[in-house]
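A quick write-up on the structure given underneath.
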Amino acid sequence: MITTRFAPSPTGYLHIGGLRTALFSYLYARANNGKFILRIEDTDMARNSAQAAQAILDAFKWVDLEIDSEITYQSKRFDIYKRYIKQLLDEGKAYYCYMSEDELEQLRKEQEAKKLRPKYDGRYRDYKGEIPKDIKPVVRIKAPLSGEIVVNDGVKGKVVFKCEDILDDFVIARADGSPTYNFVVVVDDALMGVSDVIRGDDHLSNTPKQIILYEALNFKIPNFYHLAMINGEDGKKLSKRHGATDVMEYKAMGYLPEALLNFLLRLGYSNKDQEIFSMQEMKECFTFKNVSKGASTYNAKKLEWLNAHYIKSLPDERIINACKELGYDFSSKLKLLHMLKERAKTLVELISSAKIVDNTPQSYDENAINKFVNEISKDLFNKYVNEFTVQENESKYEEFTNEFLQANNAKLKDLAQLLRIALTGVSVSPSVFAMLEYLSEDEIKIRFNNFKGKING
Numbered sequence: 004m005i006t007t008r009f010a011p012s013p014t015g016y017l018h019i020g021g022l023r024t025a026l027f028s029y030l031y032a033r034a035n036n037g038k039f040i041l042r043i044e045d046t047d048m049a050r051n052s053a054q055a056a057q058a059i060l061d062a063f064k065w066v067d068l069e070i071d072s073e074i075t076y077q078s079k080r081f082d083i084y085k086r087y088i089k090q091l092l093d094e095g096k097a098y099y100c101y102m103s104e105d106e107l108e109q110l111r112k113e114q115e116a117k118k119l120r121p122k123y124d125g126r127y128r129d130y131k132g133e134i135p136k137d138i139k140p141v142v143r144i145k146a147p148l149s150g151e152i153v154v155n156d157g158v159k160g161k162v163v164f165k166c167e168d169i170l171d172d173f174v175i176a177r178a179d180g181s182p183t184y185n186f187v188v189v190v191d192d193a194l195m196g197v198s199d200v201i202r203g204d205d206h207l208s209n210t211p212k213q214i215i216l217y218e219a220l221n222f223k224i225p226n227f228y229h230l231a232m233i234n235g236e237d238g239k240k241l242s243k244r245h246g247a248t249d250v251m252e253y254k255a256m257g258y259l260p261e262a263l264l265n266f267l268l269r270l271g272y273s274n275k276d277q278e279i280f281s282m283q284e285m286k287e288c289f290t291f292k293n294v295s296k297g298a299s300t301y302n303a304k305k306l307e308w309l310n311a312h313y314i315k316s317l318p319d320e321r322i323i324n325a326c327k328e329l330g331y332d333f334s335s336k337l338k339l340l341h342m343l344k345e346r347a348k349t350l351v352e353l354i355s356s357a358k359i360v361d362n363t364p365q366s367y368d369e370n371a372i373n374k375f376v377n378e379i380s381k382d383l384f385n386k387y388v389n390e391f392t393v394q395e396n397e398s399k400y401e402e403f404t405n406e407f408l409q410a411n412n413a414k415l416k417d418l419a420q421l422l423r424i425a426l427t428g429v430s431v432s433p434s435v436f437a438m439l440e441y442l443s444e445d446e447i448k449i450r451f452n453n454f455k456g457k458i459n460g
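Residue numbers for the sequence shown, in the working numbering: 4 to 460.
Listed below in structure tokens is the structure:
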């Protein structure tokens, strides 16, 4: 069975790039009737944060990526790691290294002077002498010092590493006994049956080290897929300056998870010219044959476009529930929701528009008044208010208004902005006629008379 995993470290929020990796791992498992697991890599006790771990779980819950087993926490598996470190020591595949800080610093200086690659020189690899006192040893793996390690990557193709260029006897357990990242990843992936490792290409350099450990432990080597990074629109690595990178910020900004996942899929994946993907379509069509080898570009406008599409197309109940999580309830205001959702790019924008329509203006945009109120438009507005009568629906209000304008030899542009400002306090709003249908007769009269008083002094 194909088994994939996502294995974040709880040292900060879940990054948008991390969510894309999780999504691709999830989709590959689903497309192949496989299994998707979540592992929290919390062995770095100094940097771990319970808050960060919870943020990762919150993000997974929000985007609704189903996990197929209990969440695994590496911090609860130290006994397992110690057992495998002991196995490698007993088999002579790893050894204790007693190198002191002074020795290490001296070695680095010598290598720097000779312009050599910084690396451990193997001085304790076959050490038979007296064990140095007052040195807590690290454990190092006996790595091959020559030859090649070949990775047949599912995205990048064949990647060849020369051992002498990239390897030394790297540390697998620190002086305090705690295992290192590369070691615990290999042990966990093997014991959890991970068949396909999907991750960012910043991990590509770790792969030869991990292959060495798989072989030393007699574990089956998984398939590897390294995803190209996401760049900002300026071509540089995606960062905070390009917009939100914390997944849960996207929720706070009013994006729907359906839109965000669709957006992330298209960052590095294509299926002909298809832009809109339901989750079911994602699961059915995903294949690494369609994953790009090159970096993808984050496009905020594209995300907005997708989000607007999902706001318009998802069932009312889905939008209502999403807005409730942001503190606004459309349950009894379906007409208002239908009026606004065609124009909204985000849920925050949708809610903001709803509050503007729903609440009697307490102030008016002075810039809009200065721009649109003049003697002609003011007289036209006053006359419209005096002649105004309640109509059955939006189209009847439009008909009534057009007849009024025709009778007064005026055009809609001469009146529309004043009506908007009167009803909402601002000059950008939904259809004036839709708002007139939505608001009660008493509320319309209050708003018209308030604004009439404002512009007539």
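Glycine included, C-beta positions come from ideal geometry on N, C-alpha and C.
field: Spatial neighbours of LYS240 in its chain, beta-carbon cut-off 7 angstroms, leaving aside the 5 residues before and after
entry: A distance below 7 angstroms between beta-carbons, with the five flanking residues on each side excluded, links LYS240 to the following residues of its chain, in chain order: MET232 and ASN234.
| request: Using the Cα positions of PHE391 and SER398, report the straight-line distance between them to the nearest angstrom. | output: Going by the C-alpha atoms only, they are around 15 angstroms apart.
Requested in this report: Could you check what DSSP says for LYS286 in three-state terms: helix, strand or coil?
Outcome: Three-state DSSP puts LYS286 in a helix.
- Within 8 angstroms, strictly: CB atoms of TYR84 and VAL190: Yes; because the gap between Cβ atoms is below 8 angstroms, this pair is in contact.
* Counting pairs of beta carbons, one from the segment 423–438 and one from the segment 353–367, are three or more of them closer than 8 angstroms? -> Per the Cβ contact rule, the segment 423–438 is in contact with the segment 353–367 (3 or more Cβ pairs under 8 angstroms).
Since ARG143 and PHE173 should fall inside the 8 angstroms C-beta cutoff, what is the C-beta to C-beta distance between them, to a whole number of angstroms? Rounded to whole angstroms, the Cβ separation of ARG143 and PHE173 is 7 angstroms, and the two are in contact under 8 angstroms.
Classification of LYS161 by the beta-carbon crowding that lies within 10 angstroms, buried from 16 upward:
By the neighbour-count rule (16 or more Cβ atoms within 10 Å), LYS161 is not buried but exposed.
So what does ILE43 bridge to, in DSSP terms? TYR76.
For ARG8, the residue or residues it bridges with in DSSP
For ARG8, the pairing in a beta bridge is given by DSSP as ILE40.
>> Taking the alpha-carbon of LEU270 as reference, which of PRO13, THR24 and ASN155 has the nearest alpha-carbon?
In response: Closest by C-alpha distance to LEU270, out of PRO13, THR24 and ASN155, is THR24.
Among TYR228, LYS457 and GLU278, whose alpha-carbon lies nearest the alpha-carbon of TRP308?
It is GLU278 whose Cα lies nearest to the Cα of TRP308.
Within 10 angstroms of its Cβ, does ASN265 collect 16 or more other Cβ (buried), or is it exposed? ASN265 should be labelled buried.
Exercise. Any chance you could list the alpha helix (DSSP H) runs of at least 4 consecutive residues sitting entirely within the segment 120–189, in chain order?
Key: The segment 120–189 contains these whole alpha helix (DSSP H) runs: 166–169.
- Query: For the candidate residues LYS348, ALA347, ARG346 and ASP319, whose alpha-carbon lies nearest to that of SER335?
  - Reply: Check the Cα spacing between SER335 and each of LYS348, ALA347, ARG346 and ASP319: the tightest is with ASP319.
Next on the checklist: Buried or exposed, going by whether 16 or more other CB atoms sit within 10 Å of the CB of VAL153?
Outcome noted: Residue burial annotation: VAL153 is exposed, with fewer than 16 other C-beta atoms found within 10 angstroms of its C-beta.
**Message:** Does the structure place the segment 98–117 close enough to the segment 50–65 that three or more beta carbon pairs sit under 8 angstroms?
**Reply:** No, the segment 50–65 does not touch the segment 98–117.
Can you tell me which of the three DSSP states ARG202 falls into?
Note: ARG202 maps to strand in three-state DSSP.
>> Starting from TYR87, trace the alpha helix (DSSP H) in both directions and tell me its first and last residue.
In response: The continuous alpha helix (DSSP H) containing TYR87 extends over residues 81–93.
Out of HIS245, GLU444 and PHE375, which has the shortest C-alpha to C-alpha gap to GLU395? Nearest neighbour of GLU395 by Cα position, chosen from HIS245, GLU444 and PHE375, turns out to be GLU444.
### Query
Assuming PHE291 contacts LEU30 under a Cβ cut-off of 8 angstroms, what Cβ separation, rounded to an integer in Å, is found between them?
That belief does not hold up - the Cβ atoms of PHE291 and LEU30 are roughly 10 angstroms apart, past 8 angstroms.
**Study point:** Of the listed residues PHE81, PHE384 and VAL163, nearest to VAL188 (C-alpha basis)
**Key:** Comparing Cα-Cα distances from VAL188 to each of PHE81, PHE384 and VAL163, the minimum goes to PHE81.
- [ ] Have a look at LEU263, GLU406 and GLU236 and flag the residue whose alpha-carbon is nearest the alpha-carbon of PHE63.
- [x] Scanning LEU263, GLU406 and GLU236 for the CA closest to the CA of PHE63 turns up LEU263.
Residue ranges of each alpha helix (DSSP H) run of no fewer than 4 residues wholly in the segment 189–259, ordered along the chain?
As far as the segment 189–259 is concerned, its whole alpha helix (DSSP H) runs of at least 4 residues are 210–219 and 250–255.
(request) Give, in chain order, every unbroken run of the alpha helix (DSSP H) that is at least 4 residues long and sits entirely within the segment 284–369. (result) Listed in chain order, the complete alpha helix (DSSP H) runs (minimum 4 residues) inside the segment 284–369 are 303–316, 319–327, 337–343 and 350–361.
Checklist entry - Does the Cβ of ASP171 have 16 or more other Cβ atoms within 10 Å, making it buried, or fewer, making it exposed? => result Burial call: buried.
SER316 burial status per 10 Å Cβ neighbour count (16 or more: buried): Result: exposed.
Requested in this report: Would you mind working out which of ALA176, ASP124 and VAL197 sits nearest MET4, comparing C-alpha positions?
Outcome: Check the Cα spacing between MET4 and each of ALA176, ASP124 and VAL197: the tightest is with VAL197.
Notebook entry, point to check: Alpha carbon to alpha carbon, how far is THR210 from TYR331?
Noted result: One alpha carbon belongs to THR210, the other to TYR331, and they sit about 48 angstroms apart.
So, do the segment 372–385 and the segment 409–426 have three or more beta carbon pairs nearer to each other than 8 angstroms?
Segments in contact, yes.
Just tell me which of HIS245, PHE39, PHE164 and LEU92 has its CA closest to the CA of PRO140. Checking every option, the nearest Cα to that of PRO140 belongs to LEU92.
Notebook entry, point to check: In chain order, what residues of the same chain lie with their CB nearer than 7 angstroms to the CB of LYS122, ignoring the 5 residues before and after it?
Noted result: Within the same chain, LYS122 has close Cβ partners ASP171.
Nearest to ALA219 (by Cα), restricted to the options GLU115, ASN310, ILE175 and ASN370:
Measuring from the Cα of ALA219, the nearest candidate turns out to be ILE175.
#### Entry: Backbone CA spacing between LYS223 and ALA193 [nearest angstrom]
Between the alpha carbons of LYS223 and ALA193 lies a gap of roughly 7 angstroms.
Evaluate contact between the segment 430–441 and the segment 341–355, counting only Cβ atoms and requiring at least three cross-stretch pairs below 8 angstroms. Cβ pair count under 8 angstroms is three or more, so yes.
Exercise. Leaving out five residues before and five after SER28 in sequence, what residues of the same chain have Cβ atoms less than 7 angstroms from its Cβ?
Worked result: By the criterion of a C-beta distance shorter than 7 angstroms, SER28 is surrounded in its chain by THR7, ARG8, PHE9, PHE39 and ILE201, once the five residues flanking it on both sides are discounted.
Review point. With which residues is ALA97 paired in a DSSP beta bridge?
Key: Residue pairing by DSSP places ALA97 opposite ILE144 in a beta bridge.
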